[in-house]
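A.B. asks:
In this note's numbering, the protein residues as written are 183 to 419.
1. Please confirm if the segment 218-233 is in contact with the segment 385-400, defined as three or more CB-CB distances below 8 Å between the two stretches.
2. Which one or two residues does DSSP pair with residue 334 in a beta bridge?
3. For residue 254, is the classification buried or exposed, using 16 other Cβ atoms within 10 angstroms of its Cβ as the cut-off for buried?
4. DSSP has residue 279 in a bridge; who is on the other side?
5. Which full runs of the alpha helix (DSSP H) of 4+ residues lie inside the segment 374-406, going along the chain?
6. So, does the segment 284-294 touch the segment 342-356, judging by three or more C-beta pairs under 8 Å?
7. Note the first and the last residue of the continuous alpha helix (DSSP H) segment covering residue 254.
8. Quick test of your reading: residue 388 and residue 211, contact by CB under 8 Å. State the CB separation rounded to the nearest angstrom.
9. Taking the alpha-carbon of residue 160 as reference, which of 337, 376 and 381 has the nearest alpha-carbon?
10. The beta strand (DSSP E) with residue 318 in it runs from where to where?
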């Protein structure tokens, strides 16, 4: 029995590690796909894609997985036609959500997204029902360091429209057209770039209690587990 219990524990630990690795891979694929869709599939001319590939390699993602993600985003996967669809809806507490998807089966995807909203006590909305609460922005998240002043100066000189200071992170925003130039300027500062993409930012946020926040986070997690879902945006403070 001792041997059996030990093996059960080993399997449990391995399963947890595999799940963690799977989530890292999923996030890496989404970062690559988002960057390639926005700026093309050449990392030499797409700084966001280059960084996304570096992060994917850092979690030991195989080269073929990286290339497949790029090909999917740029429409170069032979025999498969992907369609980009964005779904809008409300989660618990009236939190607005935008769900970007890329799918080869629209019926499967909408059923899955609708089920996730319904299970969480939310509902899918019609096109335009919540999109007016968001605007497209370039967003760069940088780990705070002794170079904060240098980073902020470089950002402001290269198209940053806003810089939000948090305890451990600087979040820099720009217009989409200025994103690549801004990203390269921040990159030259030699700091750790945690996130870099063009996406949706809420123009107004909504405050919810802890219980509601947990329900919204669970809904986001469920949506992000769907292979067809690329990004989930929300207006929860």
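From the three backbone atoms N, C-alpha and C, an ideal C-beta is built for every residue, glycine too.
All of these numbers come straight from a predicted model, not from anything done at the bench.
C.D. replies: With the given structure in hand:
1. no
2. Residue 334 is not bridged to any residue.
3. buried
4. 271 and 416
5. 392-406
6. no
7. 245-256
8. Not confirmed; about 30 Å, so no contact.
9. Because the chain in this structure spans residues 183 to 419, residue 160 falls outside the shown range and cannot be described.
10. 316-325
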